[in-house]
Amino acid sequence: MTFTELPDLASRPLGGGVVDANDEFFAARDNLVNPEPSTFETWTFGPKGKVYDGWETRRRRTLGDDLHDWAVVRLGAPGAVHGVVVDTAHFTGNYPPHVSVDGCEVAGHPAPTALTGWFPLVERSAVKGDTRNLFEVTDHRRVTHVRLNIFPDGGVARLRVHGVVEPDPALLHGMTVDLAALELGGLVVDCSNRFYGSANNLILPGQARVMGDGWETARRRDDGNDWVLVRLAAPGTIRLAELDTTHFKGNAPGAARLRGTLDPSSESAWFDLLPRVDLQPDTRHRFRLDSTTPASHVRLDVYPDGGMARLRLFGEAV
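Sequential numbering from 1 applies to the sequence shown in UniProt numbering.
So, in structure tokens, the structure goes:
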């Protein structure tokens, strides 16, 4: 698995947000964490010039190694960063020639001025314009915020911070939660097919807005079926499953099955959570589960193929 297949911890749908920036004269900082790819229209001009779908600062007239522009992003979920994408899409004559990325971990809900303990995730590096610039991160300390530094100024369309969620254990134990939730540490670790989108969309917060917010496979032309393997945020007992096919009307699976295990490497260790059941298009299906056996991983099988908006697995961590 490459780092770009891991969840984007900075994504707006996950709860990420740009909480501070020293300048956003030409284009708003909030665009950095929008989930959609940046767009460009030649005719869109405003009172400050060309309207860009990204973050763009004014031209600096005072230069120096310590003088540069920056934006601070609160991650939607804290975690270990495995890679960063600095996307300069559509910025051709106004992109920053160099960038760096810092991280920090601060508990609670700090104001931007309270963020301290910054350390480098990506050292100062050259970037290209109109390009997805990829940087692997080897320091996997837990972070709650990242800071994008651009040298000396310019525009960046999107910032992607790919990694693995590391939740606060206090959010899991002693209560019923969605053990599959990405924001709590759930992760899709494998799937049969991701032709139309990331399977991690299944465990994002909130309801899917459109069909593209979910997971959809290519059409199968054999006698097999598609599946997703989810590592839960913590091992637990699952009481309620929600299989949501909202927006999938002509392409929902005909049926689904859920199995759980504490040892995904052993075929004999798997047990049924929800036997194969028919599904309806564009419907939030909820099923009470009878199993009292804890699981650390859950496999969703869909028959034979199709798309699903969300998967929720409510229970208690053990």
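Yeah, the Cβ is synthetic: ideal placement off N, Cα and C, and Gly gets one too.
DSSP three-state label for Asn34, please. coil
With DSSP run on the structure shown, which of helix, strand or coil describes Ala111? coil
Helix, strand or coil for Ala180? Go by DSSP, reduced to three states. coil
Excluding five sequence neighbours on each side, which residues of the same chain lie with their C-beta closer than 7 Å to the C-beta of Met211? His247, Phe248, Gly307
CB Val143 to CB Phe91, shorter than 9 Å? In this structure, Phe91 does not lie closer than 9 Å to Val143 by Cβ.
Helix, strand or coil for Arg12 per DSSP? helix
Alpha carbon to alpha carbon, how far is Val298 from Cys104? Give it in angstroms, no decimals. 32 Å
Segment limits, beta strand (DSSP E) that includes Val81: 69 to 87
Do three or more CB pairs link the stretch 177 to 188 to the stretch 151 to 165 at distances below 8 Å? yes
Which parts of the UniProt domain "Allantoicase" (185 to 317) are runs of the beta strand (DSSP E), unbroken and 3 residues or longer, counting only runs that do not cross its ends? Listed in chain order, the complete beta strand (DSSP E) runs (minimum 3 residues) inside the UniProt domain "Allantoicase" (185 to 317) are 187 to 191, 226 to 244, 255 to 261, 271 to 278, 284 to 288, 295 to 303, 310 to 317.
Please determine, among Ala233, Arg220, Val137, the residue with the shortest C-alpha to C-alpha distance to His173. Ala233
Assuming contact is defined by CB atoms lying nearer than 9 Å, are Val277 and Phe287 in contact in what I supplied? Yes, these two residues count as a Cβ contact at 9 Å.
For residue 322, which residues does DSSP report across the bridge? Outside the shown range of the chain, which is 1 to 318, sits residue 322, and nothing can be said about it.
Asp66 beta carbon near the ligand FMN (any heavy atom closer than 8 Å): Because no ligand of any kind appears in the structure shown, any question about the ligand FMN cannot be addressed here.
CB-CB under 8 Å to Pro152, same chain, minus the five flanking residues each way: which ones, in chain order? Arg60, Leu63, Leu67, His68, Asp69, Pro96
Among Phe135, Tyr52, Gly79, Ala241, which residue has its Cα nearest to the Cα of Arg124? Phe135
For Glu216, count the other beta carbons within 10 Å of its own beta carbon; 16 or more makes it buried, fewer makes it exposed. Which is it? buried
Since Ala21 and Ala71 should fall inside the 8 Å C-beta cutoff, what is the C-beta to C-beta distance between them, to a whole number of angstroms? Confirmed, about 4 Å.
Just tell me which of Pro275, Arg158, His145 has its CA closest to the CA of Gly79. His145
Could you give the C-beta distance for Arg219 and Asp305, rounded to a whole number, given that I count them as a contact under 8 Å? 6 Å
May I ask you to report which of helix, strand or coil DSSP gives Phe25? coil
With distances taken from CA atoms, which of Ala89, Val18, Glu41 is nearest Ala111? Val18
For Val84 and Cys191, I'd like the C-alpha separation in whole angstroms. 23 Å
Roughly how many angstroms separate the alpha carbons of Asp130 and Tyr196, rounded to a whole number? Each residue's Cα considered, the two are about 24 Å apart.
Tell me which residues share the same chain as Arg12 and place their Cβ nearer than 7 Å to its Cβ, disregarding the 5 neighbours each side in the sequence. Val33, Asn34, Pro35
Residues sharing a beta bridge with His162, DSSP: Asp8, Gly83
Note down the Cα distance separating Asp23 from Glu56, rounded to an integer number of angstroms. 8 Å
Taking 9 Å as the cut-off, decide whether the C-beta atoms of Val230 and Phe314 are in contact. No Cβ-Cβ contact shorter than 9 Å links Val230 with Phe314.
Could you check the C-alpha separation between Thr283 and Arg221 for me, to the nearest Å? 25 Å
Counting C-beta neighbours from all protein chains within 10 Å, is the total for Ala10 16 or more, i.e. buried, or is it exposed? buried
What three-state label does DSSP hand Phe3 in the structure shown? helix
Name the residue from Arg257, Asn133, Leu6 whose alpha carbon lies nearest to the alpha carbon of Pro275. Looking at the Cα atoms, Arg257 is the closest of the given residues.
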